[in-house]
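Residue numbers (this note's numbering): -19 to 483.
Everything on this sheet refers to the single structure shown next.
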């Protein structure tokens, strides 16, 4: 608010300096020298324009005229809805009463809304010209506004029987529609024109030029209209002698649209009728001052608990970050578990971490599928069994065991034995000492077969390591007819197993 007497400049309003009004105002001719005037910046409730566009859509839901229909090419339709020029092509002459249609969904920019309007007012206009070659039949088209599947404003195009070369304008007057329906894409503007034959009037097909499409959307809310200046003059007794409303303090009066509300500043935009909600939680440090402004403390309030790692520093609030180090992707968490921990950091604001865990490959099982090895043919020799190979894929302590299938026999009597052992082929290290698999000491014919178990615990300092079964037959007397082991027969198989028990 500002006050002025003759020759006095207006006082700043909210930090802004409005244009100096006439003093005394021109609306108060003959004012006495002792009169004084005050000027207030207000905002009325005049409707304001909201940016709006229309996007081409399938016109089929809006076909309501009988006989045949055709949809305008959507590219041409969008050109027209963009206020360009487009053609409704003439029909080929085979369709009686055919109309061609376009439809456009109305869109608005919600950021341009002031206050809290619940509805908007939509109007539109368009120009059409009959390019011929025939005249139109009576009322030849329609310009309409739809909300969903219901027409809410319909304008029939005339004048009747528009000749070739004739012009017409379609105008949809201001129509109020719910704001929510516009934002939901339910409001559609529709235009159709007669492009085919019409037996009723005896006219043929015709082409139309359509241009100058204008879509206007307005909204209003109390106190969200135009800002203006109200100058009130009083005599020496305080009696109001006159009141003048202007847009800029000039001599041109302005008719304000009620209701009129005060404006806290000269900034453009709607006055804050409803102040923003302020949380009443005890932890909310933002407060509202007596002037209506919001205030935040210079220093954030921090919980004094020693467990609170956040603290104030000269550079601002410091919140410690956590860096995960010492665990490489695919590595293990320690000597007590066999779990892979993958840690992946993703830069950004905020920075994100992905931590994944999975069991490692800590066990394995293998059948030696080939037939038993002929140990008799290599009596006294080390016979490796490659089919028994099992791989330790990571360092650690393993429980390893082996079921060895064998067959041993004598047709006339004899003695001997089969021994086996496990060896680390990678480092040429024995895992087990020699284990007797089977023995025979027969005075006459004897045949035997079965499975013998070898078991050990082995520490692999590095990986990978390959563990293999080795066998040997030793003849101690007489004659042995067969000695074989390390494979599969009809009664069983040689099997290798491992289980990692710790890192």
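Quick reminder that beta carbons are idealized off the backbone N, C-alpha and C, glycines included.
Query raised in the report: Any contact of the region 223 to 231 with the region 193 to 211, i.e. 3+ C-beta pairs under 8 Å?
Result: yes
**Report entry** Spatially closest choice to residue 242 from 24, 482, 15 and 464, by CA coordinates
**Finding:** 24
Report task. Compute the Euclidean distance between the alpha carbons of residue 399 and residue 442, then round it to the nearest angstrom. Result -> 29 Å
Query - Candidates 410, 454 and 58, of which the one nearest residue 38 by Cα - result: 58
Query - Cβ-Cβ separation, residue 351 to residue 389 (assumed contact under 8 Å), whole Å - result: With a Cβ gap of about 16 Å, residue 389 and residue 351 do not count as contacting.
Query - Rounded C-alpha distance that separates residue 475 from residue 452 - result: When rounded, the distance between both Cα atoms is 18 Å.
Query raised in the report: What does DSSP give as the partner residues of residue 383 in its beta bridges?
Result: 433 and 475
Query raised in the report: Quick one: Cα of residue 403 to Cα of residue 336, how far?
Result: 36 Å
Query raised in the report: If you draw a straight line from the C-alpha of residue 387 to the C-alpha of residue 379, how long is it?
Result: Distance between the alpha carbons of residue 387 and residue 379 is about 27 Å.
Query raised in the report: Contact check, residue 370 vs residue 466 under 8 Å by CB: the rounded distance?
Result: Rounded, the Cβ-Cβ distance is 14 Å, inconsistent with contact.
**Report entry** Contact belief for residue 101 with residue 156 at Cβ below 8 Å, rounded distance in angstroms
**Finding:** 5 Å
Query - Span separating the alpha-carbon of residue 165 from that of residue 264 - result: 39 Å
Report task. Inspect the beta-carbon positions of residue 397 and residue 454 and report whether they are closer than 8 Å. Result -> Taking 8 Å as the Cβ cut-off, residue 397 and residue 454 qualify as a contacting pair.
Query raised in the report: Are the region 145 to 160 and the region 48 to 63 touching by the rule of at least three beta carbon pairs closer than 8 Å?
Result: no
**Report entry** Delimiting residues of the alpha helix (DSSP H) encompassing residue 161
**Finding:** 159 to 163
Report task. Classify residue 153 as helix, strand or coil using the three-state DSSP reduction. Result -> strand
Report task. Could you work out which residue in 139, 411, 382 and 447 is closest to residue 434 when comparing CA atoms only? Result -> 382
Query - Same chain, Cβ closer than 6 Å to residue 124, neighbours up to 5 away in sequence not counted - result: The answer, listed in chain order, is 131, 134 and 170.
Query raised in the report: My guess is that residue 411 and residue 436 are in contact by the Cβ rule of under 8 Å, so how many angstroms apart are they, rounded?
Result: 5 Å
Query raised in the report: With distances taken from CA atoms, which of 483, 105 and 394 is nearest residue 461?
Result: 394
Query - Assigned exposure category for residue 3 - 16 Cβ within 10 Å defines buried - result: Below a pLDDT of 50, predicted positions are generally treated as unreliable, and residue 3, at 43, falls in that range; the measurement from the model is reported next regardless. With 16 or more other Cβ atoms within 10 Å, it is buried.
Report task. Just tell me which of 456, 447 and 469 has its CA closest to the CA of residue 430. Result -> 469
Query raised in the report: Straight-line CA distance for residue 267 to residue 297?
Result: 20 Å
Report task. Check whether the Cβ atoms of residue 199 and residue 90 sit closer than 8 Å, and answer yes or no. Result -> no
Query raised in the report: Between which two residues does the alpha helix (DSSP H) carrying residue 59 extend?
Result: 54 to 61
Query raised in the report: Which of helix, strand or coil does DSSP assign to residue 242?
Result: strand
Query raised in the report: Does the beta-carbon distance from residue 142 to residue 79 come in below 8 Å?
Result: no
Report task. Report, in whole angstroms, the separation of the C-beta atoms of residue 44 and residue 77, which I expect to be a contact under 8 Å. Result -> 13 Å between Cβ atoms; not a contact.
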